[in-house]
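Peer 1:
Number of protein chains: 2
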Amino acid sequence: MAAPRVTITDVARHAGVSKTLVSFALNDRPGVSPESRRRILAAAAELGWRPSHRARSLSVSRAFALGLVVARPAELLGADPFFLAFIAGVETVLSEHDQALVLLVVRDRAAEVAGYERLARDGRVDGVLVTDLRHDDERLALLERLRLPAVTLNRPAGPSSSPAVCLDDSAGVREAVAHLVDLGHRHIGHVAGPAPFLHSRSRREAWAQALAEHGLPPGPEAVGDFSPASGAAATRTLLGADEPPTAVVYANDLMAMAGLTVAHQCGVQVPGDLSVTGFDDAASAAHTHPPLTTIRADVPAWGARCARTLLELVEGGAAEDVEMPPARLVVRDTTGPPRRGGP
Amino acid sequence: MAAPRVTITDVARHAGVSKTLVSFALNDRPGVSPESRRRILAAAAELGWRPSHRARSLSVSRAFALGLVVARPAELLGADPFFLAFIAGVETVLSEHDQALVLLVVRDRAAEVAGYERLARDGRVDGVLVTDLRHDDERLALLERLRLPAVTLNRPAGPSSSPAVCLDDSAGVREAVAHLVDLGHRHIGHVAGPAPFLHSRSRREAWAQALAEHGLPPGPEAVGDFSPASGAAATRTLLGADEPPTAVVYANDLMAMAGLTVAHQCGVQVPGDLSVTGFDDAASAAHTHPPLTTIRADVPAWGARCARTLLELVEGGAAEDVEMPPARLVVRDTTGPPRRGGP
Chain W
1 MAAPRVTITD
11 VARHAGVSKT
21 LVSFALNDRP
31 GVSPESRRRI
41 LAAAAELGWR
51 PSHRARSLSV
61 SRAFALGLVV
71 ARPAELLGAD
81 PFFLAFIAGV
91 ETVLSEHDQA
101 LVLLVVRDRA
111 AEVAGYERLA
121 RDGRVDGVLV
131 TDLRHDDERL
141 ALLERLRLPA
151 VTLNRPAGPS
161 SSPAVCLDDS
171 AGVREAVAHL
181 VDLGHRHIGH
191 VAGPAPFLHS
201 RSRREAWAQA
211 LAEHGLPPGP
221 EAVGDFSPAS
231 GAAATRTLLG
241 ADEPPTAVVY
251 ANDLMAMAGL
261 TVAHQCGVQV
271 PGDLSVTGFD
281 DAASAAHTHP
291 PLTTIRADVP
301 AWGARCARTL
311 LELVEGGAAE
321 DVEMPPARLV
331 VRDTTGPPRR
341 GGP
Chain P
1 MAAPRVTITD
11 VARHAGVSKT
21 LVSFALNDRP
31 GVSPESRRRI
41 LAAAAELGWR
51 PSHRARSLSV
61 SRAFALGLVV
71 ARPAELLGAD
81 PFFLAFIAGV
91 ETVLSEHDQA
101 LVLLVVRDRA
111 AEVAGYERLA
121 RDGRVDGVLV
131 TDLRHDDERL
141 ALLERLRLPA
151 VTLNRPAGPS
161 SSPAVCLDDS
171 AGVREAVAHL
181 VDLGHRHIGH
191 VAGPAPFLHS
201 RSRREAWAQA
211 LAEHGLPPGP
221 EAVGDFSPAS
231 GAAATRTLLG
241 ADEPPTAVVY
251 ANDLMAMAGL
261 TVAHQCGVQV
271 PGDLSVTGFD
281 DAASAAHTHP
291 PLTTIRADVP
301 AWGARCARTL
311 LELVEGGAAE
321 DVEMPPARLV
331 VRDTTGPPRR
341 GGP
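As they're listed, the protein sequences go chains W and P.
Using UniProt numbering, the letters of the first sequence map in sequence onto residues 1 to 343.
Using UniProt numbering, the letters of the second sequence map in sequence onto residues 1 to 343.
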């Protein structure tokens with residue numbers, strides 16, 4: 001195994017300056033004093049820092065394209081409000097820079113590995129955006145091995161030399177729980193997304209921790225796969241328990257909307273008997289019955305920032321982590337005070 | 001202006017054989033008798049038929065990538081169940097053939113033209129898939145000028161030398177109207193998609209013609225932009241009329257779902273007071289309240305067939321039109337007999 005690559009974090013620590021300053025100095029951008037630049041370049045040289053392979057070979061081979069490999073079955077993807085909104089944001093930046101997006105949609109993780117290998121082997125892209133980070137994510141080591149520059153959406157669980165563009169979704173989930181507690185709820189459930197995804201985990205942990213911080217016992221939970229069918233099944237499980245929750249925090253809107261339907265079918269009034277919150281603020285969320293309280297992130301802006309960061313990495317060999325404004329609660333009509341005695 | 005290109009339709013007419021046979025002969029595929037092959041090649045030579053520019057220059061420059069330019073605002077795209085399901089279908093074929101998809105998402109028609117020009121100029125793709133055909137669609141002339149092989153989704157309004165992969169959505173709309181008439185409806189409205197799109201027009205005309213064929217007077221109509229908000233507004237318009245319809249055929253599911261919500265809000269019972277049909281069979285359609293009667297097409301299969309046809313065109317210089325199985329009605333619970341006296 002090769003020695004771990006020296007990152008700009010290492011250079012920053014060694015030079016005693018911020019990563020931003022290192023990034024600026026290495027990308028030859030203005031705003032760095034001659035003295036700082038000298039110190040940073042000395043630190044970089046001493047540690048043996050080098051820009052990524054692709055960035056160095058800029059003059060000989062550039063695809064002028066970025067890659068995105070999405071591993072979800074077609075039937076789930078079609079309904080997901082995230083990807084095309086994200087891609088639309090990416091494209092606003094790529095079109096400004098005369099770059100293209102190469103998109104691979106694959107069914108499973110084996111095809112995903114083959115997809116990245118194909119992109120790298122054919123020199124189709126100068127770098128990739130890595131979405132849907134997983135707990136045990138083999139992609140970062142793979143991309144390192146393929147010498148394919150990458151930007152991750154949020155920070156991976158393990159070590160990473162790739163810049164991360166982060167959007168804190170847990171802030172929105174904490175707001176949702178606080179909102180429900182304010183309304184008088186004490187028995188608040190959760191319908192999570194698939195366990196391997198870090199974003200599923202982050203939303204689940206934010207829910208569980210917020211309950212604890214409000215002095216409440218753990219709530220009931222069920223797991224879906226982000227599809228409406230799985231949201232309906234999870235809701236039936238929660239509502240069928242001896243002590244059904246008076247409120248459920250869902251990990252996405254599609255599952256929450258299907259949950260609303262199950263509640264209607266079971267004669268459970270929303271929000272009187274059951275409060276419901278979603279995540280995504282899909283275009284339909286304002287048009288459910290009643291309109292859905294949900295959590296909103298600016299996904300096109302996230303896509304644009306990811307593209308900009310990856311271009312900076314590809315062109316300059318280094319880029320800074322970015323923190324986007326966090327996801328926020330949007331209160332509509334599916335949340336209200338619980339009826340005395342519960343459903 | 002250059003003389004119009006000789007197409008395989010011309011060759012077929014001249015040789016007195018089917019387009020399929022011409023395509024097979026020109027692509028050197030089996031199943032063509034030596035005599036037919038001779039006659040076809042003679043006709044092709046006599047008419048001056050030649051494979052497309054890109055196909056001829058195959059040996060010198062090939063991108064091994066197909067392009068898709070989508071011109072819809074990010075906020076509409078995110079919610080649309082069509083595009084990612086279509087792309088997932090395209091990718092199943094591209095991955096088999098070691099090809100990639102280059103995706104451009106643009107805001108408007110000016111950016112769309114620039115996008116195609118950029119793809120052609122940079123040699124990024126060997127051909128493009130043309131979706132969302134419009135009544136006055138300047139793209140076919142543009143692609144001809146750019147010498148970019150293309151496959152259209154359905155047939156354009158004007159002349160075209162590009163193969164079309166067709167999926168008849170009007171069959172599903174006619175079935176929906178027949179179903180509503182069978183249930184006893186006589187006053188059936190329509191919420192259409194944006195007028196420039198041929199698919200919007202095709203669905204609207206199928207609705208209008210089906211009413212006429214059943215001996216019914218024209219129904220009330222409103223136009224949306226496929227978004228939930230526009231579907232809600234259109235529904236309020238139709239329900240606010242002096243004689244509101246007892247059933248509404250919507251051009252997509254998102255508008256139909258928002259229509260269901262408006263009905264609930266107005267105290268209009270579905271299906272007792274109002275029957276509703278959608279189009280797309282989005283993942284959520286089976287999970288609305290009540291579950292949505294809608295029209296279903298196999299979109300991933302359509303994507304796969306489009307990709308296969310475009311690869312055939314790029315590699316062989318010719319490809320046949322394809323007819324996919326038509327869209328079909330899926331009956332769920334938003335359609336039923338109208339109450340006497342109407343709403």
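Backbone N, C-alpha and C define an ideal beta-carbon position, used for all residues, glycine too.
1. Determine whether the beta carbon atoms of Val102(P) and Leu119(P) lie at a separation below 8 Å.
2. Who are the neighbours of Ser230(W) on chain P, taking C-beta pairs under 9 Å?
3. Helix, strand or coil for Leu198(P)? Go by DSSP, reduced to three states.
4. Would you say the region 133-152 of chain P touches the region 121-139 of chain W, given that touching needs at least three Cβ pairs under 8 Å?
5. Nearest-angstrom Cα distance between Pro156(P) and Pro81(W)?
6. Between Ala176(W) and Ala297(P), what straight-line distance do the alpha-carbon atoms span, to the nearest angstrom?
7. What's the C-alpha gap between Ser160(P) and Leu21(P)?
8. If we count the other Cβ atoms within 10 Å of its Cβ and call it buried at 16 or more, is Pro218(W) buried or exposed?
9. Cutting at 6 Å between CB atoms, please list the residues of its own chain near Pro194(W), excluding the five before and the five after it.
10. Reducing DSSP to helix, strand and coil, say where Ala222(P) ends up.
11. Can you name the residues of chain P whose CB is closer than 9 Å to the CB of Phe98(W)?
12. Whose CA, out of Asp182(P), Ser23(P), Ala178(P), lies closest to the CA of Ala208(P)?
13. Which same chain residues end up closer than 6 Å to Arg54(W) when comparing Cβ atoms and leaving out the 5 residues on each side of it in sequence?
14. Can you tell me whether DSSP reads Cys166(P) as helix, strand or coil?
15. Hey, is Pro343(W)'s beta-carbon within less than 8 Å of any beta-carbon in chain P?
16. Mind listing the chain P neighbours of Gln265(W)? Cutoff is C-beta to C-beta under 8 Å, in chain order.
17. Any chance you could list the alpha helix (DSSP H) runs of at least 4 consecutive residues sitting entirely within the region 244-275 of chain P, in chain order?
18. Would Pro163(W) and Thr335(W) qualify as a contact pair, given that the criterion is a beta-carbon distance under 8 Å?
19. Beta strand (DSSP E) containing Ala301(W): first to last residue?
20. Which residue comes first and which comes last in the alpha helix (DSSP H) that contains Ala141(W)?
21. Pull up the distance between the alpha-carbon of Thr246(W) and that of Val270(W), whole angstroms please.
22. Cβ of Asp253(P) within 8 Å of Cβ of Leu211(P)?
23. Output needed for Leu94(W): all residues of its chain with C-beta closer than 7 Å, excluding positions within five of it in sequence on either side, in chain order.
24. Would you give the residue range spanned by the alpha helix (DSSP H) that Gly89(W) belongs to?
25. Should Arg305(P) be labelled buried (16 or more other beta-carbon atoms within 10 Å of its own) or exposed?
26. Could you tell me whether the region 33-49 of chain W touches the region 6-14 of chain W, using the rule of 3 or more Cβ pairs below 8 Å?
27. In this structure, does DSSP put Val177(W) in helix, strand or coil?
28. In whole angstroms, what is the alpha-carbon distance linking Asp333(P) and Leu104(P)?
29. Taking only three categories from DSSP, how would you classify Gly193(P)?
30. Verify the CB distance criterion: does Glu91(W) have a CB-CB separation below 8 Å to chain P?
31. Which runs of the alpha helix (DSSP H) fall wholly inside the region 107-136 of chain P and span at least 4 residues, in chain order?
32. Tell me, which residues are paired with Glu323(W) by DSSP?
33. Taking a Cβ distance cut-off of 8 Å, strictly less, list which residues of the region 155-179 of chain W are near chain P, in chain order.
34. Could you have a look at Gly67(W) and say whether DSSP puts it in helix, strand or coil?
35. Residues of chain W with a CB under 8 Å from the CB of Ala258(P): which are they?
36. Kindly indicate if chain W contains any beta-carbon less than 8 Å away from that of Leu58(P).
Peer 2: According to the structure shown:
1. Translated into the one-based positions of the second sequence, residue 102(P) becomes position 102. Translated into the one-based positions of the second sequence, residue 119(P) becomes position 119. Taking 8 Å as the cut-off, the beta carbon of Val102(P) is found closer than this to the beta carbon of Leu119(P).
2. Position 230 of the first sequence, counted from the first residue, corresponds to residue 230(W). Per Cβ cutoff of 9 Å: no residues; Ser230(W) is ~10 Å from chain P at best.
3. Locating residue 198(P) in the second sequence gives position 198, where the first residue counts as 1. The answer is helix: DSSP assigns Leu198(P) an H, G or I state.
4. No, the region 133-152 of chain P does not touch the region 121-139 of chain W.
5. By one-based count along the second sequence, residue 156(P) stands at place 156. By one-based count along the first sequence, residue 81(W) stands at place 81. Cα-Cα distance, rounded: 29 Å.
6. Here residue 176(W) is taken as the residue at index 176 of the first sequence, counted from 1. Here residue 297(P) is taken as the residue at index 297 of the second sequence, counted from 1. When rounded, the distance between both Cα atoms is 38 Å.
7. Position 160 of the second sequence, counting from 1, holds the residue named residue 160(P). Position 21 of the second sequence, counting from 1, holds the residue named residue 21(P). About 20 Å.
8. The sequence position of residue 218(W) within the first sequence is 218, counting from 1. The residue in question, Pro218(W), is exposed, as its Cβ has fewer than 16 Cβ neighbours within 10 Å.
9. In the first sequence, the residue the question calls residue 194(W) occupies position 194. Ser200, Asp225.
10. Start at 1 with the first residue of the second sequence, and residue 222(P) comes out as number 222. DSSP places Ala222(P) in strand when its eight states are reduced to three.
11. The sequence position of residue 98(W) within the first sequence is 98, counting from 1. Before going on, a small fix: residue 98(W) reads as Asp here, not Phe. Against chain P, a Cβ distance below 9 Å from Asp98(W) picks out Arg118, Asp122.
12. To locate residue 208(P), count along the second sequence from 1; it is residue 208. Nearest C-alpha to Ala208(P): Ala178(P).
13. The residue you call residue 54(W) lines up with position 54 of the first sequence. Note that Arg54(W) scores 35 on pLDDT, short of 50, meaning its location in the model is unreliable; the coordinates nonetheless yield the value given after this. Same-chain partners within the cutoff: Asp126, Pro149.
14. Against the second sequence, residue 166(P) aligns to sequence position 166. Of the three classes helix, strand and coil, the one that applies to Cys166(P) here is strand, per DSSP.
15. Reading the first sequence from its first residue, position 343 is the one you call residue 343(W). Because Pro343(W) sits at a pLDDT of 43, beneath the cut-off of 50, its placement in the model cannot be relied upon, and the following sentence gives the value as read from the coordinates. False, the Cβ-Cβ gap to chain P never drops below 8 Å.
16. By one-based count along the first sequence, residue 265(W) stands at place 265. Gln265(W) reaches chain P at His289, counting residues in chain order whose Cβ is nearer than 8 Å.
17. Correct list: 253-265.
18. Locating residue 163(W) in the first sequence gives position 163, where the first residue counts as 1. Locating residue 335(W) in the first sequence gives position 335, where the first residue counts as 1. With a cutoff of 8 Å on beta-carbon distance, Pro163(W) and Thr335(W) are scored as not near each other.
19. Indexing the first sequence from 1 puts residue 301(W) at position 301. No beta strand (DSSP E) contains Ala301(W), which is instead part of the alpha helix (DSSP H) from 299-316.
20. Residue numbering aside, residue 141(W) sits at position 141 when the first sequence is read from its first letter. Counting along the chain, the alpha helix (DSSP H) containing Ala141(W) begins and ends at 139-146.
21. As a working note, residue 246(W) is residue 246 in the first sequence. As a working note, residue 270(W) is residue 270 in the first sequence. For Thr246(W) and Val270(W), the distance between alpha carbons rounds to 10 Å.
22. Within the second sequence, the letter at position 253 stands for residue 253(P). Within the second sequence, the letter at position 211 stands for residue 211(P). Against a cut-off of 8 Å, the Cβ pair of Leu211(P) and Asp253(P) comes out as no contact.
23. Mapped onto the first sequence, residue 94(W) falls at position 94. Same-chain partners within the cutoff: Leu66, Ala100, Leu101, Ala307.
24. Translated into positions along the first sequence, residue 89(W) becomes position 89. Its alpha helix (DSSP H) spans residues 81-96.
25. The residue labelled residue 305(P) in the question sits at position 305 within the second sequence. Looking at its Cβ environment, which holds 16 or more other Cβ atoms inside 10 Å, Arg305(P) is buried.
26. Between the region 33-49 of chain W and the region 6-14 of chain W there are three or more inter-stretch CB-CB distances shorter than 8 Å, so the stretches are counted as touching.
27. Taking the first residue of the first sequence as 1, we reach residue 177(W) at position 177. DSSP places Val177(W) in the helix class (H, G or I) of the three-state scheme.
28. For the purposes of this step, residue 333(P) is identified with residue 333 of the second sequence, where counting begins at 1. For the purposes of this step, residue 104(P) is identified with residue 104 of the second sequence, where counting begins at 1. A straight-line Cα-Cα distance of about 38 Å links Asp333(P) and Leu104(P).
29. The residue you call residue 193(P) lines up with position 193 of the second sequence. Reduced to three states, the DSSP call for Gly193(P) is coil.
30. Along the first sequence, one-based indexing puts residue 91(W) at 91. By this cut-off, Glu91(W) is an interface position.
31. Residue ranges of uninterrupted alpha helix (DSSP H) with 4 or more members, entirely inside the region 107-136 of chain P and ordered along the chain, are 109-121.
32. Start at 1 with the first residue of the first sequence, and residue 323(W) comes out as number 323. Partner(s): Cys166(W).
33. Within the region 155-179 of chain W, not one residue has a Cβ closer than 8 Å to any Cβ of chain P.
34. By 1-based counting over the first sequence, the position of residue 67(W) is 67. Taken through DSSP and simplified to helix, strand or coil, Gly67(W) comes out as strand.
35. Residue numbering aside, residue 258(P) sits at position 258 when the second sequence is read from its first letter. Those are Ser284, His287, listed as they occur along chain W.
36. On the second sequence, position 58 is the one that residue 58(P) refers to. Annotation note: pLDDT 38 at Leu58(P) (below 50); position unreliable, no value reported.
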